[in-house]
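Trainee:
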Amino acid sequence: MVINLNTRKSTLWTSNFTIITLGTIISAIGGVAVNFSFSFVVLDNTQSTLLAGIFLAISMIPGILLPILISPYLDHFKRKPIIVGIDAFNGILYLAFGVYLMINKYNFLSYTLFSLVTGSTGTIYQLAYTSFYPNLIPEGYAQKGYTVSSMIYPTVMIVMNPVASLLYSNFGMGWVCMIEGVLLLCASLMETQIKVEEKVSHKGHFSLKEYWNDLSEGIRYLKKDKGLQRIYSYMPITQGISQGNSSLIKAYFMATPGLGITLYSIFTIAEFIGRTIGGIIHYRIEIKAQKRFRFAFLVYQLYSFMDMILLWIGYPFMLLNRSICGFLGINSATLRESSVQNYIPDDKRAKLNAVFQATFSLSGMLFSVIIGGLGEIVSYQMAIVIMSLINMLLCYFIMYRGREKVKEIYNHIY
């Protein structure tokens with residue numbers, strides 16, 4: 002249980018919500034630069050989509066194992082200190098790795114070990130953040146709150162992707178990591194100002210028996226809810242395919258004369274401009290409850306189709322393609338996140354988010370290797386066509402054929 006000490010309830014922008022939003026923006030600025038640069042560093046040094054896929058897959062291992070292991074444990078502890086502490090720890094970690102990179106040359110093993118450590122801390126942080134965040138949104142503002150949250154990274158990416166491209170190309174990963182370290186420390190300091198009284202059961206005491214009881218409770222809840230089962234089955238698949246396709250798109254830009262990293266950064270900006278515009282509209286105009294699933298399903302199918310044709314069209318049309326996908330995608334993502342998080346009871350949220358996060362990571366790991374390997378066998382264009390067709394079929398069989406159960410979650414009133 003969480004008691005929000007803000008008394009002002011007539012607006013979304015309470016002091017707590019403002020602080021968590023600003024803290025997220027600050028950490029996102031460095032996070033975007035790091036993620037953009039990391040997405041190229043292995044491919045840039047090895048020219049292999051398979052090795053890039055393996056690196057991405059290894060970095061996802063903590064996301065498979067840790068959520069299930071720690072989620073019942075996490076529910077017995079206050080989540081604010083975890084969020085603040087991990088931001089501070091990661092800040093120091095990035096500063097140290099930045100210094101290391103300035104002294105040493107590229108080494109696959111060092112990058113892999115660092116990604117495993119930050120993947121572990123990031124997994125714990127994300128689980129705590131996801132279960133804590135809904136309690137900072139005033140009642141009645143869920144869709145608006147999640148719209149703001151989903152707009153942060155797209156908006157930051159519009160500015161930071163070109164900056165990250167310049168930093169990576171001219172100064173290297175060391176400076177990128179140093180900047181991220183400083184920003185994470187700033188975010189940690191800001192998050193200490195959140196005024197929330199968290200009440201937890203067992204007063205932070207942990208026992209193995211209670212751990213297994215809590216874990217079993219989460220699994221039983223998921224077993225009896227067919228709608229959540231379908232959502233938790235399809236979303237990791239489509240996200241995993243998207244991650245794998247993204248590696249091929251990067252490789253295509255690097256291998257195609259006249260394109261390259263700079264045009265790729267502009268390409269990503271087009272998508273995030275679309276996301277920003279879509280988020281602004283969604284913030285002001287909420288989609289009616291009874292239409293949410295229908296809208297989301299159409300977006301899922303259209304997104305796969307747009308991926309299918311992406312590498313077959315000219316660069317200006319690629320920009321238009323991504324802008325449309327960004328505009329539609331943020332709306333469907335916001336609907337899903339706000340619907341699912343408000344549907345799940347607070348005392349089960351961390352456990353079920355752990356299952357979701359673990360399946361996300363497992364799917365991302367598998368598809369990164371599979372699609373990376375496929376890119377070594379067939380052309381990048383054909384590989385994306387094949388995976389997009391598979392995605393469309395799975396969306397139909399999992400989401401649409403089970404739509405009555407899924408609608409109970411997407412279309413419920415909150």
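Numbering (our numbering), first residue to last: 2 to 415. Cβ coordinates follow ideal geometry from the N, Cα and C atoms, glycine included.
Give me, in chain order, the residues of the same chain whose beta-carbon lies closer than 7 Å to that of glutamate 181; leave out the 5 immediate sequence neighbours on both sides.
Mentor: Counting from 1 along the sequence shown, the entry for residue 181 is found at position 180. Taken in chain order, the residues that qualify are Gly31, Gly32, Ala34, Val35 and Tyr95.
Trainee: Grab the span of the alpha helix (DSSP H) containing serine 116 for me, first residue to last.
Mentor: By 1-based counting over the sequence shown, the position of residue 116 is 115. It spans 109-133 - the alpha helix (DSSP H) in which serine 116 sits, taken as one unbroken run.
Trainee: Any heavy atom of the ligand FAD within a distance shorter than 6 Å of the CB on methionine 388?
Mentor: No copy of the ligand FAD occurs in the structure displayed, which carries no ligand at all.
Trainee: Check valine 1 in the structure and name its three-state DSSP category.
Mentor: Past the edges of the chain, shown from 2 to 415, lies residue 1, and the structure says nothing about it.
Trainee: With DSSP collapsed to three states, give me the class of methionine 61.
Mentor: Taking the sequence shown and counting its residues from 1, the one referred to as residue 61 is at position 60. If DSSP states are grouped into helix, strand and coil, methionine 61 belongs with coil.
Trainee: Using the beta-carbon count (16 or more within 10 Å), is valine 160 buried or exposed?
Mentor: Counting from 1 along the sequence shown, the entry for residue 160 is found at position 159. Flag for valine 160 reads exposed.
Trainee: Run through DSSP, which three-state label would aspartate 226 get?
Mentor: Here residue 226 refers to the residue found at position 225 when the sequence shown is read from its first residue. Residue state, collapsed to three classes: coil.
Trainee: I need the DSSP call for phenylalanine 398, collapsed to helix, strand or coil.
Mentor: Taking the first residue of the sequence shown as position 1, residue 398 is located at position 397. Reduced to three states, the DSSP call for phenylalanine 398 is helix.
Trainee: Which residue from Leu186, Gly175, Gly54 and Asn354 puts its Cα closest to that of tyrosine 130?
Mentor: By one-based count along the sequence shown, residue 130 stands at place 129. Looking at the Cα atoms, Asn354 is the closest of the given residues.
Trainee: CB-CB under 8 Å to valine 118, same chain, minus the five flanking residues each way: which ones, in chain order?
Mentor: Along the sequence shown, one-based indexing puts residue 118 at 117. Closer than 8 Å at the Cβ level, and outside the excluded window around valine 118, lie Leu94.
Trainee: Report back the beta-carbon spacing between threonine 360 and proline 258 to the nearest angstrom; my notes put them in contact at under 8 Å.
Mentor: The residue labelled residue 360 in the question sits at position 359 within the sequence shown. The residue labelled residue 258 in the question sits at position 257 within the sequence shown. In fact, because the Cβ distance is near 39 Å, the residues do not count as touching under 8 Å.
Trainee: Thinking just about the alpha-carbon of each residue, which of Asn91, Ile410, Met174 and Phe18 is nearest to the one in serine 28?
Mentor: As a working mapping, residue 28 is identified with position 27 in the sequence shown. Among Asn91, Ile410, Met174 and Phe18, the Cα nearest to that of serine 28 is on Asn91.
Trainee: From this set, Thr335, Glu272, Gly330 and Gln358, which residue's C-alpha is nearest isoleucine 71's C-alpha?
Mentor: By one-based count along the sequence shown, residue 71 stands at place 70. Nearest C-alpha to isoleucine 71: Gln358.
Trainee: Identify the continuous alpha helix (DSSP H) that holds threonine 12 and give its terminal residues.
Mentor: Counting from 1 along the sequence shown, the entry for residue 12 is found at position 11. It is not in any alpha helix (DSSP H) - threonine 12 carries neither H nor E in the DSSP assignment.
Trainee: Consult DSSP for glycine 141 and reduce its assignment to one of helix, strand or coil.
Mentor: Counting from 1 along the sequence shown, the entry for residue 141 is found at position 140. If DSSP states are grouped into helix, strand and coil, glycine 141 belongs with coil.
Trainee: Touch check for the stretch 38-58 and the stretch 362-381: three-plus C-beta pairs under 8 Å?
Mentor: Yes: at least three Cβ pairs fall under 8 Å.
Trainee: Here's a check: name, in chain order, each residue in its chain whose Cβ is nearer than 7 Å to the Cβ of alanine 89, leaving out the five neighbours to either side.
Mentor: Here the question's residue 89 lines up with position 88 in the sequence shown. Counting only Cβ-Cβ distances below 7 Å, and skipping sequence neighbours, we find Leu186 and Ser189.
Trainee: If I follow the unbroken alpha helix (DSSP H) through glutamate 192, where does it start and stop?
Mentor: Mapped onto the sequence shown, residue 192 falls at position 191. Unbroken alpha helix (DSSP H) run through glutamate 192: 174-192.
Trainee: Just the Cα atoms here: how many angstroms apart are methionine 307 and lysine 79?
Mentor: Residue numbering aside, residue 307 sits at position 306 when the sequence shown is read from its first letter. Residue numbering aside, residue 79 sits at position 78 when the sequence shown is read from its first letter. C-alpha separation (whole angstroms): 43 Å.
Trainee: Please identify the residue among Met191, Tyr147, Ile399 and Gly245 whose C-alpha is closest to the C-alpha of glycine 419.
Mentor: Outside the shown range of the chain (2 to 415) lies residue 419, about which nothing can therefore be said.
Trainee: Take the Cβ of asparagine 392 as the centre, count every other Cβ of all protein chains shown within 10 Å, and call the residue buried at 16 or more, exposed below.
Mentor: For the purposes of this step, residue 392 is taken as residue 391 along the sequence shown, with counting starting at 1. Per the 10 Å Cβ criterion, buried.
Trainee: With respect to the alpha helix (DSSP H) encompassing histidine 283, which residues constitute its N-terminal and C-terminal limits?
Mentor: Here residue 283 refers to the residue found at position 282 when the sequence shown is read from its first residue. It spans 262-285 - the alpha helix (DSSP H) in which histidine 283 sits, taken as one unbroken run.
Trainee: With burial defined as no fewer than 16 other Cβ atoms inside 10 Å of the residue's Cβ, what is the status of glycine 241: buried or exposed?
Mentor: Counting from 1 along the sequence shown, the entry for residue 241 is found at position 240. It counts as buried.
Trainee: Give me the Cα-Cα distance between isoleucine 325 and tyrosine 154, rounded to the nearest whole angstrom.
Mentor: Looking up residue 325 in the sequence shown gives position 324. Looking up residue 154 in the sequence shown gives position 153. Using only the alpha carbons, I get a separation of about 17 Å.
Trainee: Using a Cβ-Cβ cut-off of 6 Å (strictly less than) and excluding sequence neighbours within five positions of glycine 228, which residues of its own chain qualify?
Mentor: Along the sequence shown, one-based indexing puts residue 228 at 227. Lys406, Val407, Glu409 and Ile410.
Trainee: Do the stretch 132-146 and the stretch 106-120 meet, that is, are 3 or more Cβ pairs less than 8 Å apart?
Mentor: These segments do not touch.
Trainee: Can you find the residues in the same chain that come closer than 6 Å, C-beta to C-beta, to glutamate 338, ignoring five residues on each side of it along the sequence?
Mentor: Stepping through the sequence shown from its first residue, residue 338 is reached at position 337. Answer for glutamate 338: Tyr147, listed in chain order.
Trainee: Would you kindly work out how many angstroms separate the C-alpha atoms of isoleucine 4 and alanine 252, rounded to a whole number?
Mentor: For the purposes of this step, residue 4 is identified with residue 3 of the sequence shown, where counting begins at 1. For the purposes of this step, residue 252 is identified with residue 251 of the sequence shown, where counting begins at 1. Only weak support is given to the placement of isoleucine 4: the predicted model assigns it a pLDDT of 45, under 50, and the value that follows is read from those uncertain coordinates. Rounded to the nearest angstrom, the two C-alpha atoms are 48 Å apart.
Trainee: When you compare each of Leu13, Met255, Ile232 and Tyr381 to isoleucine 310 by their alpha carbons, which one comes out closest?
Mentor: Residue 310 sits at position 309 when you count from the first residue of the sequence shown. Of the candidates Leu13, Met255, Ile232 and Tyr381, the one whose C-alpha sits nearest the C-alpha of isoleucine 310 is Tyr381.
Trainee: Going by beta-carbon coordinates alone, are asparagine 412 and phenylalanine 298 separated by less than 7 Å?
Mentor: By 1-based counting over the sequence shown, the position of residue 412 is 411. By 1-based counting over the sequence shown, the position of residue 298 is 297. No, the Cβ-Cβ distance between asparagine 412 and phenylalanine 298 is not below 7 Å.
Trainee: If you reduce the DSSP assignment to three classes, tell me which class isoleucine 412 lands in.
Mentor: Residue numbering aside, residue 412 sits at position 411 when the sequence shown is read from its first letter. Correcting the residue type first, residue 412 is asparagine in the shown sequence and not isoleucine. Three-state DSSP puts asparagine 412 in coil, outside helix and strand.
Trainee: Have a look at isoleucine 414 and threonine 22 and give me their C-alpha separation to the nearest angstrom.
Mentor: For the purposes of this step, residue 414 is identified with residue 413 of the sequence shown, where counting begins at 1. For the purposes of this step, residue 22 is identified with residue 21 of the sequence shown, where counting begins at 1. About 25 Å.
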